[in-house]
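Student:
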Amino acid sequence: MERAIESALIPIRNQLAKLDRRVRHLEVKEPPRVVTPGQYTIPRDDLLRMQRMMEASDHITEFVLSEDFPYSAIVIRRELEWLNAEMSVAS
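Residues in the sequence shown are numbered consecutively from 1250, following this note's numbering.
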């Protein structure tokens, strides 16, 4: 019985270790910055791609855990808000 439980826990432990590595990777990639509105730290193409992805999904965590988007959820949310405001003014 204990062996069965241990065997069942192996994939869960592996997944947790993988997520932990990704989080540490993201923490290292995003140095603290002082940013004012309109001064983006995320490339505009990435922001536009994120915006399209968000229209298809409400889960911003997919960006945080993706190595394609090495930015914190707070930075992503803030800069997407700026982008949306800019696009509203432009249209």
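Don't be surprised by glycine CBs; every beta carbon is placed ideally from N, CA and C.
Go ahead and label L1296 buried or exposed: buried means 16 or more other beta carbons lie within 10 angstroms of its beta carbon, across all protein chains shown.
Tutor: Stepping through the sequence shown from its first residue, residue 1296 is reached at position 47. With 16 or more other Cβ atoms within 10 Å, it is buried.
Student: Could you work out which residue in S1337, L1332, V1338, M1336 is closest to V1291 when comparing CA atoms only?
Tutor: Along the sequence shown, one-based indexing puts residue 1291 at 42. According to the sequence provided, residue 1291 is Ile. The question's Val does not apply to it. Minimum Cα distance to I1291 is reached at L1332.
Student: Can you give the Cα-Cα distance for L1258 and S1337, rounded to whole angstroms?
Tutor: One-based indexing of the sequence shown puts residue 1258 at position 9. One-based indexing of the sequence shown puts residue 1337 at position 88. Rounded to whole angstroms, L1258 to S1337 spans 49 Å at the Cα level.
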